[in-house]
Amino acid sequence: MQVQGKVVVVTGGANGIGKALAEVFHREGAAKVVVADLDGTGADVVAAGIGGAAFRTDVGSEQDIRHLIAETERQFGPIALFCSNAGIGGGFDPLSVNAGGSSDDPWMKSWAVNVMAHVYAARHLVPLMKQRGGGYFLNTVSAAGLLSQVGSAAYSTTKHAAVGFAENLAISHRAHGVKVSILCPQGVDTNMLRGLPQGPQSADGNLSPEAVAQSALEGIGREQFLILPHPQVAGYMRAKLDNYDRWIGGMAKIQAKLREASES
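Letter 166 of the sequence shown, counting from 1, is numbered 174 in the working numbering, and no numbers are missing.
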């Protein structure tokens with residue numbers, strides 16, 4: 009897919025990967041880039057810098073997603089590319105005292121933003137895309153959705169669920185011309201990463217948001233389902249499948265080191 013002349017929506021667009029995606033799509037000649045974020049002021053700033061439009065949007069709210077899609081199409085025309093990019097990194101506990109946590113709150117927040125936001129976007133946009141013969145979803149997930157995330161069961165679990173939903177979205181609607189890509193980076197130099205406890209996500213080559221956005225642009229151009237800004241992730245996936253027990257053991261060693269560091 010080429011974005012030139014197309015209407016594009018980017019959620020979580022006020023900063024980080026979302027901001028970089030909005031900017032790269034603008035440079036590639038998108039007809040209009042709509043920046044959506046819970047931080048409405050930040051979305052306004054990014055949109056103003058690229059001649060786009062902004063909506064304050066809570067992606068965990070189906071009503072907000074419905075409004076974002078309806079108003080974008082009413083004001084600017086059919087959405088060709090919807091980037092479901094917003095995400096949160098909740099429930100991080102380097103000690104992993106209990107993988108089930110002590111409260112539902114981080115689980116429910118992670119589920120709403122990291123999973124249901126993708127579901128809501130599809131629920132309200134797929135019917136429109138089917139009517140006009142196709143469209144494109146770019147869902148920002150994480151390498152944690154393919155591998156795991158030491159220190160946060162909630163993040164890892166919801167990101168795995170996001171991969172599963174994207175697979176089903178691609179399978180269910182391929183015949184309708186709907187295409188799907190998942191963007192799965194490891195460490196990216198964003199506010200979210202800086203706010204997390206030190207861990208393996210910070211020790212394997214952090215990329216800039218701009219580098220990740222460029223990878224996304226290239227992957228969309230090739231219409232590939234899995235986009236890996238960190239190419240080493242493919243090797244980690246192969247190692248995981250080759251010997252799952254050995255992989256679990258290796259991840260457990262990383263967890264043990266985190267405990268030692270936190271308790272020292």
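Beta carbons: idealized from backbone N, C-alpha and C, even for Gly.
The model shown is predicted, which means the values in this text are computed figures rather than measured ones.
Within a 10 Å sphere around the beta-carbon of T19 sit 16 or more other beta-carbons, which makes this residue buried.
Between the stretch 90-107 and the stretch 238-257, the count of C-beta pairs closer than 8 angstroms stays below three; the two stretches do not touch. Residue range 217-230 is occupied by the alpha helix (DSSP H) that includes S223. The residue among S216, L46, M137, V149 with its C-alpha nearest the C-alpha of E81 is M137.
Looking at the backbone, the Cα of G143 and that of D52 are separated by about 26 angstroms. In the three-state reduction of the DSSP assignment, L146 falls in the strand class, which pools E and B. Judged by their CB atoms, G48 and A62 are nearer to each other than the 8 angstroms cut-off.
Assigned with DSSP and collapsed to three states, F173 falls in helix.
The beta carbon of E36 lies closer than 7 angstroms to those of V11, Q12, L225 in the same chain, with the five residues before and after it left out.
Uninterrupted alpha helix (DSSP H) stretches at least 4 residues long and entirely within the stretch 61-133 occur at 70-84, 113-119, given in chain order. Membership of A51 in the alpha helix (DSSP H) is indicated by the continuous run 48-58. When secondary structure is reduced to three states using DSSP, V32 falls in the helix class. In the three-state scheme derived from DSSP, where H, G and I count as helix and E and B as strand, T19 is classed as strand. Under the three-state reduction of DSSP output, K14 falls in the coil class, being neither helix nor strand. The beta carbons of S164 and I235 sit about 19 angstroms from each other, so the pair does not count as a contact at 8 angstroms. Of the candidates A264, R131, A56, V32, R131 places its Cα closest to the Cα of L177. CA-to-CA, the gap between P86 and A39 works out to about 11 angstroms. Put simply, the backbone Cα of S216 is about 5 angstroms away from that of D197.
In chain order, V43, A61, A62 place their CB closer than 7 angstroms to the CB of A55, counting only its own chain and leaving out the 5 sequence neighbours on each side. Under DSSP, S189 forms a beta bridge with L146. Counting along the chain, A39 sits inside no beta strand (DSSP E), nor does DSSP assign it H or E at all. In the three-state DSSP reduction, L266 falls in the helix class (H, G or I).
Within the same chain, no Cβ atom closer than 7 angstroms to the Cβ of A78 is found once the five residues on either side in sequence are excluded. When the five nearest sequence neighbours on each side are left out, the beta carbons in the same chain lying within less than 6 angstroms of the beta carbon of E70 are those of Y128, in order along the chain. Membership of A242 in the alpha helix (DSSP H) is indicated by the continuous run 240-250.
Between V158 and V41, the alpha-carbon positions lie close to 35 angstroms from each other.
Of the residues A221, K117, A88, the one whose Cα lies closest to the Cα of T166 is K117.
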